[in-house]
Amino acid sequence: MHEDLKARVSYLRGFTEGLELGEESKEQKVLHRIIDLLGDITDEIEQMRVDYEELFEYTEAIDEDLSTMEEDFYEEEDEDDFFDEELAGYDEGFSIECPNCREIVVVDDNILDQDSSIEVTCPGCGEAVLVDDEEWYEDFEELPEMNQEEKGEKE
32 MHEDLKARVS YLRGFTEGLE LGEESKEQKV LHRIIDLLGD ITDEIEQMRV DYEELFEYTE
92 AIDEDLSTME EDFYEEEDED DFFDEELAGY DEGFSIECPN CREIVVVDDN ILDQDSSIEV
152 TCPGCGEAVL VDDEEWYEDF EELPEMNQEE KGEKE
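Residue 76 in the working numbering sits at position 45 of the sequence shown, and the numbers go up by one each step.
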């Protein structure tokens, strides 16, 4: 593109010289100054293109270096490895975060099969993190009856 602009400015320069307007005419002076200005603009565009290419290459080099550093840094501590080590032996279960001390409490799924009420406490602070008493189940059984009554009223 730059060569195309330079060629077009050169063409205009040659064209104005071939007009034979007179060496000192006002029109000739204006045309020469316009063409000189176009030449300067073309040179500036070329310099900006060169600067852009240098910055692009520099940015690419920084990006590659940063990627290498990230790989080296995160290679030491993989997030999946952390959770595998922390929760080893808890294949069947779920975890709850203690609302008091923010410690993760792992609960075995088998505890949910009990018929009696369930209470799981945090080993760190002793706060109850899971309470399963019979009241919520009784409330849940009442919901379908209410839904059936609402359906009857709508019909």
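Note that beta-carbon positions come from the ideal geometry of N, C-alpha and C, so glycine has one too.
- According to DSSP, residue 159 shares a beta bridge with 152.
- With respect to the C-alpha of residue 133, the residue from 47, 160 and 84 having the closest C-alpha is 160.
- Annotated three-state conformation of residue 102 is helix, per DSSP.
- Judged by DSSP in its simplified three-state form, residue 147 adopts coil rather than helix or strand.
- Counting along the chain, the unbroken beta strand (DSSP E) around residue 128 starts and ends at 124 to 128.
- Close CB contacts of residue 127 within its chain, under the 7 Å cut and outside five residues either way in sequence, are with 136, 138, 160 and 161 (chain order).
- Per the DSSP secondary-structure output, residue 138 pairs in a beta bridge with 125.
- Annotation: residue 152 to residue 131 spans about 11 Å, alpha carbon to alpha carbon.
- In the structure shown, residue 68 falls within a helical segment according to DSSP collapsed to helix, strand and coil.
- If the five residues before and after residue 40 are omitted, its C-beta is found closer than 7 Å to the C-beta atoms of 66, 69, 70 and 73, all from its own chain and listed in chain order.
- In the structure shown, residue 41 falls within a helical segment according to DSSP collapsed to helix, strand and coil.
- Straight across, the Cα-Cα distance linking residue 105 with residue 92 is about 20 Å.
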